[in-house]
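The numbering used here puts the sequence shown at residues 429 to 543. By construction, the Cβ of each residue, glycine as well, lies at the ideal position given by its N, Cα and C atoms. No experiment lies behind these values; they were computed from the predicted model shown. Working notes, beginning with the structure itself.
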Amino acid sequence: MSSTAGPYTPVVHAGDLLFVSGQIGIVDGSIVDGGLHAQATQALANLRAQVEANGATLEQVVKTMVFLTDMGDFGAMNEIYCEAFGESRPARSCVAVAALPLGAVFEVEAVVHVG
């Protein structure tokens with residue numbers, strides 16, 4: 429599990445929900461090389477690690493929010509996202525942003541139902 433890129437709590441447990449802060453494609457504090465595919469794959473692995481470290485699974489994710497720096501990556505992101513979530517299809521929003529921390533091109537946050 430990678431450390432955070434800023435001063436925030438990676439996961440907050442509130443009642444029956446886990447709120448997982450935005451995950452980017454970092455390992456040991458640095459963005460992985462390889463563009464969208466590598467970064468999204470790592471960010472989703474980081475998300476999985478945070479979820480599992482809190483006793484849940486990706487199947488319990490009820491909502492995600494995806495941030496892209498280039499909406500032209502939407503199709504490729506969907507393929508990577510589907511690989512990570514398998515048959516599970518949580519509600520999702522996706523927005524384009526001007527920039528992300530550390531020069532990331534992809535970020536994902538999640539809400540997980542653990543009750």
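Shown here, residue 476 sits in a helix according to DSSP, grouped into three states. When the alpha-carbon of residue 457 is set against those of 538, 478, 529, 505, the nearest one is in 529.
Residue 469 sits in a helix when the DSSP states are folded into three classes.
Take residue 521, set aside five residues on each side of it, and the residues of its chain with a beta-carbon closer than 6 Å to its own are 493, in chain order. Linking residue 525 to residue 442 through their CA atoms gives a straight-line distance of about 28 Å. Contact between residue 535 and residue 451 is confirmed by a C-beta separation of about 7 Å, below the 8 Å threshold. From the listed residues 455, 489, 501, the smallest Cα separation to residue 512 is found for 489. When the alpha-carbon of residue 543 is set against those of 487, 510, 537, the nearest one is in 487. Sixteen is the threshold: since fewer than 16 other Cβ atoms of the shown chains lie within 10 Å of the Cβ of residue 498, the residue is exposed. Taken through DSSP and simplified to helix, strand or coil, residue 512 comes out as helix.
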